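Input: a single structure, listed below in structure tokens.
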Amino acid sequence: MNTKSTRRWVVGAVAAFAALSLAACSGGSSGSDDTKGSGGSGTITVGFSQLGAESGWRTANTESVKAAFTKDKGFDLTFVDAQQKQENQIKAIRDFIDQGVDAIAFSPVVETGWDQVLQEAKDAEIPVVLVDRTVKTSVSDPYATYIGNDFTKEGETAVAWIKKNAADAKIFELQGTLGSSAQVDREKPVDAELGSQIVGKASGNFTRAEGKAATEAALQAYPDMTMIVSHNDDMALGAIEAIEAAGKKPGTDIKIVSFDGVRDGLQALHDKKINYVVECNPVYGDQIADLVKKVVGGEDVPTRTIVPDEAFDQTITQETIDARKY
Ligand code: AHR
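Counting in the numbering used here, the sequence shown runs from 2 upward without gaps.
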């Protein structure tokens with residue numbers, strides 16, 4: 002038996018022993034939630050490196066993660082916000098390795114630059130669950146599983162709407178954090194299908210303030226633009242402020258297509274300032290926790306779990322917006 006399978010075996014055995022002991026203590030009745038895999042206490046220790054707090058989407062995702070990894074659900078969570086800096090994420094992951102956590106989960110701010118730290122986690126035999134964004138790495142079997150949204154499909158959904166509803170649009174693309182899979186994958190279909198209509202691009206780093214600043218500059222540089230494709234709602238909300246300040250009407254003079262579906266974004270859609278929103282659902286903390294539990298317990302998990310998304314146009318009702326969880 003190699004070291005990795007030994008570790009898995011030990012983890013599984015501890016879980017089985019804990020479950021048996023509890024069953025014995027409670028007279029054999031089921032219903033205990035103590036199906037955890039590791040550590041003398043039966044609690045799963047998890048290090049989660051969140052990439053930042055740049056958007057409403059991220060806030061909702063963080064809340065969902067924290068609500069899922071609670072003590073009474075069998076977790077001991079160390080949550081670290083990297084403030085959109087890859088070096089902070091690498092440091093947090095190294096700290097988790099030093100602490101000997103049972104599992105590491107992280108949302109990588111960009112796709113590349115993870116080889117070394119992923120290799121270190123692998124050498125330490127700590128399973129990694131990749132969340133939200135994807136990585137490009139030369140490490141073999143770099144993580145146990147991935148869960149997140151299909152950004153390419155989201156981009157394709159946006160393109161299909163544009164082709165049908167604004168086929169001649171002159172597009173300024175408000176990009177997310179450059180080099181992040183959310184930016185790269187959403188942009189690919191837009192470039193492939195509407196490349197000749199793109200008049201300019203700039204990154205707003207997924208934040209409202211930078212989205213506003215990038216749009217102010219774009220309004221000067223590309224006065225002929227008739228549409229903004231914004232890689233998230235926060236930047237679209239910043240763009241709306243910039244467009245209105247320039248005396249133009251967002252949603253009419255300059256159409257806006259956006260991603261995420263946070264409540265403020267959908268409200269702007271309802272108010273006819275945004276024209277179309279492709280959802281990117283951030284509320285999947287429980288699914289992450291379930292995967293972590295399975296991975297630590299040595300169970301098989303899918304390589305990839307995709308969180309389903311919808312899309313909304315201006316027919317959205319106020320009731321739908323009010324009922325949103327984020
Ligand atoms: O990775 C998901 C993206 O990151 C969301 O679209 C955006 O709002 C966030 O910052």
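Where a beta carbon is used, it is the ideal one built from N, C-alpha and C, also for glycine.
Model, not experiment: these values are computed from the prediction.
Assigned exposure category for residue i - 16 Cβ within 10 Å defines buried
| i | result |
| --- | --- |
| residue 304 | exposed |
| residue 326 | exposed |
| residue 88 | exposed |
| residue 170 | buried |
| residue 323 | exposed |
| residue 165 | exposed |
| residue 273 | exposed |
| residue 224 | exposed |
| residue 119 | buried |
| residue 318 | exposed |
| residue 57 | buried |
| residue 329 | In this structure the chain extends from 2 to 327, so residue 329 is not present and cannot be described. |
| residue 261 | buried |
| residue 245 | exposed |
Enclosing alpha helix (DSSP H) for residue i [first to last residue]
| i | result |
| --- | --- |
| residue 97 | 87–100 |
| residue 83 | Segment: none, residue 83 is in no alpha helix (DSSP H) and carries neither H nor E. |
| residue 153 | 152–166 |
| residue 274 | Element bounds for residue 274: n/a, residue is neither H nor E. |
Inter-residue Cα distance where the pair is residue i and residue j
| i | j | result |
| --- | --- | --- |
| residue 283 | residue 203 | 25 Å |
| residue 96 | residue 185 | 29 Å |
| residue 78 | residue 71 | 7 Å |
| residue 213 | residue 112 | 25 Å |
| residue 69 | residue 278 | 27 Å |
| residue 190 | residue 149 | 19 Å |
| residue 309 | residue 285 | 10 Å |
| residue 161 | residue 197 | 16 Å |
| residue 43 | residue 231 | 45 Å |
| residue 74 | residue 167 | 48 Å |
| residue 85 | residue 209 | 14 Å |
| residue 143 | residue 64 | 27 Å |
| residue 329 | residue 233 | Look at the range of the chain in this structure, 2 to 327, and you will see that residue 329 is not part of it. |
| residue 159 | residue 236 | 16 Å |
| residue 110 | residue 146 | 17 Å |
| residue 313 | residue 101 | 44 Å |
| residue 25 | residue 298 | The predicted position of residue 25 is uncertain, since its pLDDT is 31 and thus under 50; no value can be drawn from it. |
Residue i: first and last residue of the uninterrupted beta strand (DSSP E) it sits in
| i | result |
| --- | --- |
| residue 202 | 199–204 |
| residue 175 | 172–176 |
| residue 110 | First-last for residue 110: undefined, no H or E at that position. |
| residue 362 | The shown model of the chain, from 2 to 327, leaves out residue 362, and the question about it has no answer. |
| residue 305 | 305–308 |
CB-CB length for residue i against residue j, believed under 8 Å
| i | j | result |
| --- | --- | --- |
| residue 122 | residue 91 | Not quite, the Cβ-Cβ distance comes to about 11 Å (not below 8 Å), so this is no contact. |
| residue 315 | residue 267 | No, residue 315 and residue 267 are not in contact; Cβ-Cβ is about 10 Å, not under 8 Å. |
| residue 175 | residue 205 | 5 Å |
| residue 107 | residue 132 | 6 Å |
| residue 55 | residue 152 | Rounded, the Cβ-Cβ distance is 16 Å, inconsistent with contact. |
| residue 105 | residue 129 | 5 Å |
Residue i beta carbon near ligand 2 (any heavy atom closer than 7 Å)
| i | result |
| --- | --- |
| residue 226 | You won't find ligand 2 in this model; what it holds is ligand 1. |
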